Amino acid sequence: MSRIPLTPVESLTPTARDFLRRHGELNVFRLLAGAPKVFDGWSAMVDAQLDGGSFSPRLRELVILRIAHLQRCAYQIAQHTDVGRAAGISDAEIGALSAEGPVPGFAEPENTVLIFVGELCTTGTVTQETFAATRAVLDEARLTELLLLIGLYYGLALVLNAAQPDIDDQARLETSP
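The number in my numbering is simply the position in the sequence shown, starting from 1, with 9 added.
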């Protein structure tokens, strides 16, 4: 049970209700909508990452699932496993994302991006070598977008781990391909 009460859908702002209409009445969204002064901005960033980002759905979901496993965020793992499968990530690959240390079995540029994510999320920084390798496969805009994606889902994992909302049984996040 969530440590913070979930906001009833009928009491959400019109912008928040529209976001939930498009993405599902998930407990995570009802939790975060309890902070209406920041929810609209947060949800706009989520929309930009899910619908307008420059990463393929597969690479985006690899990043999100790697963060979820590194942060041991059961809610994110449950929510994004189905999305990851729909984006073309196999069950074996999803399992590999839970590995300690380097993640085996991914080709470039996915491997480099996953090394970057793992290093940043476990040490709080990246080595010059890892940064240069990632910069070699992503241009400046995509590297900046990767950092924002990591920040978004790493921060969300912290919120979810602290607030502990129930994992949704029926609703699953739906995104544009």
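Even for Gly, the Cβ is constructed at its ideal location relative to N, Cα and C.
Model, not experiment: these values are computed from the prediction.
For T143, does the count of other Cβ atoms within 10 angstroms reach 16, so buried, or fall short, so exposed?
buried
Within a Cβ cutoff of 8 Å, which residues of the same chain sit near V18, ignoring the five residues on either side of it in sequence?
R26, L29, E34, R39
Quick one: grab the DSSP three-state call for T90.
helix
According to DSSP, simplified to helix, strand and coil, what is V37?
helix
Contained alpha helix (DSSP H) runs [length at least 4] in the segment 21 to 67, N- to C-terminal order:
23 to 32, 36 to 41, 45 to 60
DSSP state of E19 mapped onto helix, strand, coil
helix
Is R75 closer than 7 Å to V126 when the C-beta atoms are compared?
yes
Is the number of C-beta pairs between the segment 154 to 170 and the segment 118 to 135 that are closer than 8 Å three or more?
yes
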